[in-house]
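Just below is one structure, and these are the notes that go with it.
Residue numbers (the working numbering), protein chains in the order written: chain A, 2 to 413; chain B, 2 to 413.
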């Protein structure tokens with residue numbers, strides 16, 4: 002893509018109401034547009050990042066046999082009353098609306114209930130289990146405060162996965178597998194180093210639940226973490242024995258304290274939803290038994306915000322390789338010189354032809370302005386074509402002048 | 002994908018409340034789930050169809066330089082009051098909701114206003130134009146009646162594209178180009194034959210607007226169409242002179258009357274939104290001029306419904322090649338015979354390896370049940386491996402027994 006063609010531009014000034022670092026960088030880089038607090042549109046470059054995060058998650062979930070679907074925002078109260086989650090004094094962040102005939106509807110903040118109801122149509126025997134379904138879907142949460150940019154939105158993109166097993170034992174095998182799958186996803190997303198499998202307080206069906214927390218000063222949580230064992234515990238849930246329950250000796254741990262962002266979580270739901278909504282299966286003896294469930298979330302737009310919090314230094318952002326809106330930022334200086342533009346255009350076409358995603362800064366701008374824009378946009382590989390580079394036989398990459406052929410090879 | 006692995010199943014019985022053919026077929030085939038009237042979730046096979054329709058549209062729009070973004074459902078009234086489209090007595094299908102602090106919000110039924118506001122941040126000079134932006138986004142419309150399955154939803158997926166030009170002349174060049182782009186899209190989607198560029202009543206800035214209407218008994222519109230010239234007019238807008246305005250002599254036309262579904266439309270918006278929301282540019286003389294706009298819609302989920310209305314015959318559906326959830330349906334009969342399962346599994350793996358999308362019916366079911374399921378699911382190419390086919394040297398494709406190698410070649 003030629004940069005002169007993109008409708009967005011970088012901006013120096015943004016509203017002082019924007020307190021969060023992630024929204025400041027993303028607004029200034031033209032990745033997002035703020036519709037209102039906690040509600041952001043994703044523009045051309047931002048949409049590319051969001052799509053790439055989704056694609057990494059999708060590949061890893063499809064690889065373990067999960068099936069993608071898409072459920073709806075509009076919800077009927079009949080689906081939520083059986084679990085007692087319809088009432089506003091139980092769930093305090095519903096957005097509610099009405100049909101033309103007055104019927105009250107809600108905008109889904111999660112999808113356990115509608116997913117369970119769909120499964121009721123298709124599961125009747127133990128032979129129909131296990132099942133794994135997921136979606137990338139826009140969630141609505143009526144947050145009283147929304148000051149964390151795209152990290153805690155009123156409307157945001159989430160990946161939610163649901164598992165359905167015959168019993169706790171088969172559930173736990175999958176649940177434990179998901180710890181590794183999630184860590185693999187976060188590693189591919191470039192957040193592996195700063196992300197910890199974090200023990201949290203338990204649920205009705207399990208002594209502990211697990212979150213994935215990424216170290217960041219912008220985080221709302223505080224964890225005690227060990228970099229060698231890659232484990233952590235929510236500070237509020239810390240006890241002398243909590244790690245020993247997981248077979249780790251306290252004396253092997255070197256716990257540090259840090260603020261962190263929850264980027265994913267995995268829950269054992271047990272039979273809470275299946276019992277309330279009548280999702281049962283007949284076992285080999287014909288006996289009806291409630292399905293054993295789990296749910297597994299990743300905040301897709303939150304991941305994008307977390308990356309900015311984690312990787313941006315001052316006015317300079319660097320997106321992880323797999324997630325960057327383009328792999329290579331090709332910058333032409335001295336654009337008034339026809340040899341420069343000819344060489345840069347040739348390199349752009351050659352890289353493009355070999356399937357490398359290139360953003361080509363072909364704009365007639367001062368070098369300083371081009372570099373500060375490139376810093377904000379954060380593409381990991383930068384190639385510069387200028388009078389000087391051509392005189393030295395090619396283009397600049399990583400501080401060295403290489404021939405255009407060499408650059409092609411380096412980036413492939 | 003192995004069919005035994007998919008969580009959905011075909012169903013014989015669906016609610017008698019479902020009047021539309023498209024919803025009946027799609028519900029029975031397990032492609033969709035009805036959450037309430039006009040609100041449907043898309044399950045594994047249905048999501049694949051929806052994705053493929055989007056991908057065709059995306060490819061054609063990217064090819065002409067359009068930029069993909071994604072805007073939000075939640076809307077602030079400040080964005081809609083300047084065009085007088087906030088009030089419920091002006092726009093009668095808003096879903097409205099409230100923030101926790103009581104502020105009224107709407108759920109977007111379209112996006113001219115927020116798109117214009119975003120552009121205001123980035124357009125200031127004639128050098129910033131033209132621009133073309135689009136999104137695939139979930140629209141909410143509070144329809145009083147929703148009885149057409151996924152063809153007229155209260156929550157549905159739409160592609161909306163917006164164009165921004167300096168003046169009417171440059172706008173019209175693009176507008177006319179879009180007629181061809183849309184027809185190319187509908188042709189790739191398999192609907193080219195039944196779809197007509199249809200003249201409709203005019204707008205403030207143009208004598209006529211254009212819709213794309215697909216012939217169907219399920220349609221809500223009636224058109225007069227000519228199959229040779231591929232043009233039509235909405236019956237209500239017919240006049241003796243309407244075709245001559247487009248350079249077609251009435252005596253060359255053979256007009257037929259038919260019911261039809263509107264699957265796309267292209268509008269000249271002119272300066273209505275740019276004037277109301279202050280989207281102007283400075284021309285070469287430094288004079289401020291309102292941007293000239295157009296909007297271009299395709300109902301993505303409606304296209305999927307239209308395909309069922311158009312292609313399904315009784316209980317048999319056939320998806321167009323590019324849109325089918327899988328290209329090939331590989332059906333193993335006599336699944337109790339190990340040679341059959343071995344050969345079918347081998348063919349499945351071989352096709353998969355060469356990048357062909359295969360649904361492999363490996364289930365232990367009666368042949369009749371397998372075939373009626375396959376009819377409902379509607380995958381265009383069917384390959385059968387059975388005792389009989391193996392005895393004759395391979396598998397059955399298009400009524401002929403071919404060797405597995407030959408089948409591989411035929412389908413590649």
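Beta carbons are placed, not taken as given, at the ideal position from N, Cα and C, and that holds for glycine.
Computed from a predicted structure; not experimentally measured.
Pick helix, strand or coil for residue 343 of chain B, following the three-state DSSP scheme.
-> As a first step, residue 343 of chain B is located in the second chain; it is residue number 342 there, counting from the start. If DSSP states are grouped into helix, strand and coil, residue 343 of chain B belongs with the helices.
Could you spell out the range, first to last residue, of the beta strand (DSSP E) harbouring residue 261 of chain B?
-> The residue you call residue 261 of chain B lines up with position 260 of the second chain. Where residue 261 of chain B is concerned, the enclosing beta strand (DSSP E) starts and stops at 257-271.
Taking the CB atoms as reference points, tell me whether residue 278 of chain B and residue 131 of chain B lie closer together than 7 Å.
-> Here residue 278 of chain B corresponds to residue number 277 of the second chain, with the count starting at 1. Here residue 131 of chain B corresponds to residue number 130 of the second chain, with the count starting at 1. With respect to residue 131 of chain B, residue 278 of chain B sits apart: the two C-beta atoms are not nearer than 7 Å.
Residue 390 of chain A - containing beta strand (DSSP E), residue span | Taking the first residue of the first chain as 1, we reach residue 390 of chain A at position 389. First-last for residue 390 of chain A: 388-392, but that is the alpha helix (DSSP H), not the beta strand (DSSP E).
Can you tell me whether DSSP reads residue 45 of chain A as helix, strand or coil?
-> As a position in the first chain, residue 45 of chain A is number 44, starting the count at 1. Residue 45 of chain A: helix per DSSP, three-state reduction.
Taking residue 413 of chain A as the reference, which of A:389, A:382, A:393 has the closest Cα?
-> Position 412 of the first chain, counted from the first residue, corresponds to residue 413 of chain A. Comparing Cα-Cα distances from residue 413 of chain A to each of A:389, A:382, A:393, the minimum goes to A:382.
Applying a beta-carbon distance threshold of less than 8 Å, which residues of chain B neighbour residue 119 of chain A?
-> The residue labelled residue 119 of chain A in the question sits at position 118 within the first chain. Near residue 119 of chain A (Cβ distances below 8 Å), the residues of chain B are 34, 42, 44.
In three-state terms, what does DSSP make of residue 72 of chain B?
-> Position 71 of the second chain, counted from the start, is the residue given in the question as residue 72 of chain B. In the structure shown, residue 72 of chain B sits in coil (DSSP, three-state: anything other than H, G, I, E or B).
Determine, using beta-carbon pairs with one atom in the stretch 80-99 of chain A and one in the stretch 63-71 of chain B, whether at least three such pairs fall under 8 Å.
-> no
Does the count of Cβ pairs from the stretch 230-240 of chain A and the stretch 277-293 of chain A closer than 8 Å reach three?
-> In short, these stretches do not touch, since the Cβ pair count stays below three.
So which residues on chain A does residue 427 of chain B lean against when the C-beta distance must stay under 7 Å?
-> The question about residue 427 of chain B has no answer here: the residues shown for chain B are numbered 2 through 413.
Give a yes or no on contact between the stretch 378-395 of chain B and the stretch 315-330 of chain B, applying the rule of three or more CB pairs nearer than 8 Å.
-> yes
In angstroms, rounded to a whole number, what distance separates the CA positions of residue 76 of chain A and residue 229 of chain B?
-> On the first chain, residue 76 of chain A is found 75 positions in, with the first residue counted as 1. On the second chain, residue 229 of chain B is found 228 positions in, with the first residue counted as 1. Going from the Cα of residue 76 of chain A to the Cα of residue 229 of chain B covers about 47 Å.
Just how far apart, CA to CA, sit residue 67 of chain B and residue 191 of chain B?
-> Stepping through the second chain from its first residue, residue 67 of chain B is reached at position 66. Stepping through the second chain from its first residue, residue 191 of chain B is reached at position 190. Looking at the two C-alpha atoms, the distance is approximately 23 Å.
Return yes when the Cβ of residue 175 of chain A is within less than 7 Å of the Cβ of residue 294 of chain A, no when it is not.
-> For this step, residue 294 of chain A is matched to residue 293 along the first chain. For this step, residue 175 of chain A is matched to residue 174 along the first chain. Cβ atoms of residue 294 of chain A and residue 175 of chain A: not closer than 7 Å.
Is residue 181 of chain B helix, strand or coil when you go by DSSP?
-> In the second chain, counting from the first residue as 1, residue 181 of chain B sits at position 180. Looking at residue 181 of chain B - three-state DSSP - the assignment turns out to be helix.
Between which two residues does the beta strand (DSSP E) carrying residue 132 of chain A extend?
-> Translated into the one-based positions of the first chain, residue 132 of chain A becomes position 131. Start and end: 132-141.
Does the beta carbon of residue 219 of chain B sit closer than 7 Å to a beta carbon anywhere in chain A?
-> What you label residue 219 of chain B is simply residue 218 of the second chain in a count that begins at 1. False, the Cβ-Cβ gap to chain A never drops below 7 Å.
Sequence-distant residues of the same chain with beta carbon closer than 7 Å to residue 80 of chain B, five excluded per side | Counting from 1 along the second chain, the entry for residue 80 of chain B is found at position 79. Same-chain partners within the cutoff: 114, 115, 118.
Anyone know if the C-beta pair for residue 198 of chain B and residue 232 of chain B falls short of 7 Å?
-> Sequence index remark: in the second chain, residue 198 of chain B carries index 197 (1-based). Sequence index remark: in the second chain, residue 232 of chain B carries index 231 (1-based). In this structure, residue 232 of chain B lies closer than 7 Å to residue 198 of chain B by Cβ.
Cβ pair residue 215 of chain A, residue 307 of chain A closer than 7 Å = For the purposes of this step, residue 215 of chain A is taken as residue 214 along the first chain, with counting starting at 1. For the purposes of this step, residue 307 of chain A is taken as residue 306 along the first chain, with counting starting at 1. Against a cut-off of 7 Å, the Cβ pair of residue 307 of chain A and residue 215 of chain A comes out as a contact.
Tell me whether the beta-carbon of residue 123 of chain A lies closer than 7 Å to the beta-carbon of residue 8 of chain B.
-> In the first chain, the residue the question calls residue 123 of chain A occupies position 122. In the second chain, the residue the question calls residue 8 of chain B occupies position 7. For residue 123 of chain A and residue 8 of chain B, yes; Cβs fall inside 7 Å.
According to DSSP, is residue 156 of chain A helix, strand or coil?
-> Indexing the first chain from 1 puts residue 156 of chain A at position 155. Of the three classes helix, strand and coil, the one that applies to residue 156 of chain A here is strand, per DSSP.
Neighbour list for residue 100 of chain A in chain B, Cβ cutoff strictly below 7 Å | Indexing the first chain from 1 puts residue 100 of chain A at position 99. Near residue 100 of chain A (Cβ distances below 7 Å), the residues of chain B are 143.
At a CB-CB cut-off below 7 Å, which residues of chain B make contact with residue 10 of chain A?
-> Residue mapping note: residue 10 of chain A aligns to position 9 of the first chain, counting from 1. The contacting residues are 123.
Short CB-CB distance (under 7 Å) between residue 110 of chain A and chain B | Position 109 of the first chain, counted from the first residue, corresponds to residue 110 of chain A. It does not: the Cβ of residue 110 of chain A has no partner Cβ on chain B nearer than 7 Å.
Taking residue 70 of chain B as the reference, give the member of A:95, A:44, A:69, A:55 with the closest Cα.
-> For the purposes of this step, residue 70 of chain B is identified with residue 69 of the second chain, where counting begins at 1. By alpha-carbon distance to residue 70 of chain B, the top candidate from A:95, A:44, A:69, A:55 is A:44.
Quick one: what does DSSP say residue 283 of chain A is sitting in, helix, strand or coil?
-> The residue labelled residue 283 of chain A in the question sits at position 282 within the first chain. Here residue 283 of chain A sits in strand by DSSP.
If residue 219 of chain B sits next to residue 22 of chain B, beta carbons under 8 Å apart, how far is it from one beta carbon to the other, in whole angstroms?
-> Translated into positions along the second chain, residue 219 of chain B becomes position 218. Translated into positions along the second chain, residue 22 of chain B becomes position 21. Contact between residue 219 of chain B and residue 22 of chain B holds, since their C-beta atoms are separated by about 6 Å, short of 8 Å.
Burial state of residue 288 of chain B, where buried means 16 or more other Cβ atoms lie within 10 Å = Indexing the second chain from 1 puts residue 288 of chain B at position 287. A residue is called buried once 16 or more other Cβ atoms fall within 10 Å of its Cβ, and residue 288 of chain B, having fewer, is exposed.
Hey, which unbroken runs of the alpha helix (DSSP H) at 4 residues or more fall wholly within the stretch 60-119 of chain B?
-> 78-81
Could you give the uninterrupted runs of the alpha helix (DSSP H) lying entirely in the stretch 286-327 of chain A, keeping only those of 4 residues or more?
-> 301-312
Between the CA atoms of residue 300 of chain B and residue 121 of chain B - distance to the nearest angstrom = What you label residue 121 of chain B is simply residue 120 of the second chain in a count that begins at 1. What you label residue 300 of chain B is simply residue 299 of the second chain in a count that begins at 1. The alpha-carbon atoms of residue 121 of chain B and residue 300 of chain B are separated by roughly 27 Å.
Confirm the yes/no value for this check: CB of residue 34 of chain A, any heavy atom of the ligand COA, distance under 6 Å.
-> Because no ligand of any kind appears in the structure shown, any question about the ligand COA cannot be addressed here.
Taking only the alpha-carbon atoms, compute the straight-line gap between residue 138 of chain A and residue 148 of chain A and give it to the nearest angstrom.
-> Walking along the first chain from the start, residue 138 of chain A turns up at place 137. Walking along the first chain from the start, residue 148 of chain A turns up at place 147. Straight-line Cα distance between these residues: approximately 22 Å.
Establish whether the CB of residue 3 of chain B and some CB of chain A are separated by less than 7 Å.
-> On the second chain, residue 3 of chain B is found 2 positions in, with the first residue counted as 1. Not closer than 7 Å to any Cβ of chain A, the Cβ of residue 3 of chain B fails to qualify, so no.
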